Structure formats: C-alpha cells, structure tokens
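**Q** Have a look at this one.
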Amino acid sequence: MALIVQKYGGTSVGTVEKIEAVARKVAAVRREGNQVIVVVSAMSGETNRLIGLADVIDTRPSTREMDVLLSTGEQVTIALLSIALHKLGLDARSYTGSQVHILTDSAYSKARIQDIDDARVRADLEAGCVVVVAGFQGVDEHGDITTLGRGGSDTTAVAMAAALKGDECQIFTDVDGVYTTDPRVEPKARRLDRITFEEMLEMASLGSKVLQIRAVEFAGKYNVPLRVLSSFEEGEGTLITFEDEGMEEAKISGIAFSRDEAKLTILGVPDQPGVAYSILGPISDSNIEVDMIVQNIAADDTTDFTFTVHRNEYPRALEILQETSQVLGAREVKGDDAIVKISLVGVGMRSHAGIASSMFEALAKEGINIRMISTSEIKISVVVDEKYLELSVRTLHEAFGLADDPAEQDA
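Under the working numbering, think of the first position of the sequence shown as 2, with each following residue one higher.
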C-alpha cells in the first residue's frame, strides 16, 4: 500500500464541477488500495476576491487579520471536496492547517513551516479515510493563523509528504508537466519525463512558474519524489527526483527565461578596495535584490560596475545609484530596463565541455548581442535585449536539440 499526497491548485478546483472531477480522480487512487492525502488551494479567483474586500476597508490592513481572512478560501474547498468524496461512497475528513497543527513561525503572509503533528492524520489514514488538508496555511506557537505566501499549497503538500514519509507527492495543475521551455514561446517545447531537484530549482528561480521554489527545496531536502501532472488530461507528467546515471545523457534539460530584468551600470569609479560594497551597500539597504554582477577594470585605474535587478525595482535602484555616483565621483550612470535573462539548465553540463561556446555561437549566428554572462555548475545565463527573447529561446532550443528525444542528443 502506497501513501500518495496529491495537491490541486485553484484552477483545478475553480468550480463545483471541477471539485467533483477531482473527487473522482482521488477516488480512483484510493480504490487502487492507496492511502491518500489531498491538499487543495482556494477556488480560482477567491484569494483575489478576499483581498479586494479588505482593500475596500483599508489599503494597508493588519497582516495578522489578512492571514485570518485569506485562510478561509481553502476552508471552503476542503469542505466541498470532502462532501464530494462522501457522495462517491468514500470516508473523507477535512482539516484546516491549524487542525492538522502545521506549526509555522509568526511571519504573517510568508510563514515557514517548522513542524507537523501527524498523529491525527496518520490515525485517519489507518482507518481508511481520505484526508483533505487546506494548503497555504498553518498556525504559530501563539495559536494565530498564518499563511505561507502565494503558491504555498505546493509547500504544504510536500511538507505533508515529508512528515508522513509519502511515496510520492503529485502536484496537479493546469499544465501536464515540466517542459524544455515555455510552449507559448517555442511550440516545439517537449515535456520532460523527469528532471532533477537541482535543475528544477534553477528553472523555478529563473522564471519557470510550474512549482514554488520553496516546495522544490523542501522536497529535495527530505527526498520526496515530486510529480507534476495535469488536472484535466491523463498522462505520466514529469517526475522530479535525484540525479541518476541515465539522466547524465542529456546535456541540457531546459531553457528558462525572465522578462522582469533591468540593468544598471556605474562608469568610471575609482578602482580601490571596498568599491563594490560602496555601490551595492545602499542598494541592499533598500531591500533591493541584486542578481547578476559584472565588474571591468580600465587602463586608467577606474572600474565599470554593472548589475541587474528586478524591473519593478529599477526606478528606485537607478535613483540610489545616481546618488552613489556623486559620492564616489563616478563618470556616469546608465540604465536599461528593456533586457531579459535567458538560461540553459542541465546537470549534464558537469560532464560536457563546450556548452557555453555552443550557446554563444548559436546566438551570434542570429546577430544577437550578449550584454552579460553568468555561469554556475549546471547553468549558463545571458542577458540580451528584450526584443530578442523569443528568437533567442527558439534558436537555443533548436541548437541543443531539445525538441528531440534525449537519447538522440550528441554525447
């Protein structure tokens, strides 16, 4: 008997009809002899509706009260799904995050799970009951309701699977798996049968919206096999697991990209110890996160320092950098918020040389100029002008044979 944890997002439970369809999928798994825990999100649009109600009263409401408000969305879903399961003849019991006692810290709206009391759930499973748990929420040591942030239901599901040593955590969503890149940009994108936790973390951090980063981190830490599946289509989905020997065949697993990039450059800064801190310190003090960094030393003992930030942070970062340039006596400050970041991701990079040069060659043949480069053990990222995003992705997808079966790629 296997223990399966399933998670259904807002679009999967967006109507009563969809909730009944989810109940039928859950029932099929339970009748195969498996134990089942189901984690659900609020019905599609419900969280935004609740936020809108609060905004009518106060545009800056108490974060504690907002967590109390937003947690009610999932409470509706767990009750409706349990009712649907009862109708199908299954014993089911719903629980809010506080009833399961998903213990979190007290960081309202972005709480982190610290512990789960699994005794109540385990007893229900042993009695043959389907356990339905509200995602996205928990309770702190003071008994206050907390929420885990957008996408937190993924983390709830993985945490439940880890606590109860589940055999697999299945994330049902509106896509049928993880693709080599966004099919809306490259129609030839191929669904991956499997991908490593490490690769999925990179893909998620670089712009892939399939899974919440914290959920992937949690799954990797506690060795919980994850599978991404479609709520609306049958299929095997994509398994996210640890690397094995067979997975080394593919040099590149996917191409991720982010449109939300902006680049800033401070020119002619005196080249002396502490200059990087002098530039980035004020940026960090304003809680602006810096991504890629490039520093060039000129012949006249000055340096040009370039870094990227989220596009939403660009106006404030530019203002801060202009103030810093006056203090440091820099020659000029430049900014560009019409750039994108494109990244190749693959564990196969560890054992295959020449991937970077192949990437640069493919882009050069299309006349695409690279503005910045960043590398890690399993990732190469480049910054290019925004107008070249789709051409770059399609070019690299073809250059690395991502539309083909991995076995057909060059060793």
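Ideal Cβ positions, reconstructed from N, Cα and C, are used throughout, including at glycine. As the structure is a computational prediction, the values presented were derived from the model and not from experiment.
Should methionine 248 go down as buried or exposed, given a rule of 16 or more other Cβ atoms within 10 Å for buried?
**A** With a pLDDT of 47 at methionine 248, under the threshold of 50, the modelled position of that residue is not reliable, and the figure given next carries that caveat. Classification of methionine 248: buried, given that the 10 Å Cβ count is 16 or more.
**Q** At which residues does the alpha helix (DSSP H) containing threonine 182 begin and terminate?
**A** Premise fails: threonine 182 is in no alpha helix (DSSP H) and is neither H nor E.
**Q** From serine 259 to leucine 207, what distance separates their C-alpha atoms?
**A** 6 Å
**Q** At the level of alpha carbons, what is the spacing between valine 101 and glycine 10?
**A** 19 Å
**Q** Apply the 10 Å Cβ neighbour rule to arginine 228 and answer buried if 16 or more other Cβ atoms are within range, or exposed otherwise.
**A** buried
**Q** Within 10 angstroms of its Cβ, does arginine 372 collect 16 or more other Cβ (buried), or is it exposed?
**A** buried
**Q** What is the DSSP secondary structure of glutamate 234, counted as helix, strand or coil?
**A** DSSP, reduced to helix, strand and coil, places glutamate 234 outside both helices and strands of the structure shown, so it counts as coil.
**Q** Measure the beta-carbon distance from tyrosine 236 to threonine 182 and round it to whole angstroms, keeping in mind my assumption that it falls under 8 Å.
**A** With the sequence shown as reference, residue 236 is identified as glycine, and tyrosine is not the correct amino acid for it. With 8 Å as the limit, glycine 236 and threonine 182 do not qualify as a contact, their Cβ atoms being about 19 Å apart.
**Q** Taking contact to mean 3 or more Cβ pairs, one atom from each stretch, closer than 8 Å, check whether the stretch 32–52 and the stretch 132–139 are in contact.
**A** yes
**Q** Tell me where the alpha helix (DSSP H) around methionine 2 begins and ends.
**A** Here methionine 2 belongs to no alpha helix (DSSP H), and DSSP marks it neither H nor E.
**Q** For alanine 404 versus lysine 189, is the C-beta spacing smaller than 8 Å?
**A** yes
**Q** For the 8 Å Cβ check, are there 3 or more pairs between the stretch 262–275 and the stretch 303–312?
**A** These segments touch.
**Q** Using DSSP's beta-bridge definition, name the partner residues of glutamine 1.
**A** Only positions 2 to 412 of the chain appear in the structure, and residue 1 is not among them; the question remains open.
**Q** By the three-class DSSP mapping on this structure, what secondary structure does isoleucine 103 have?
**A** strand
**Q** For the putative contact between valine 140 and threonine 105, defined by C-beta atoms under 8 Å, what is the C-beta separation to the nearest angstrom?
**A** 7 Å
**Q** Would you identify the three-state DSSP class for proline 62, choosing helix, strand or coil?
**A** coil
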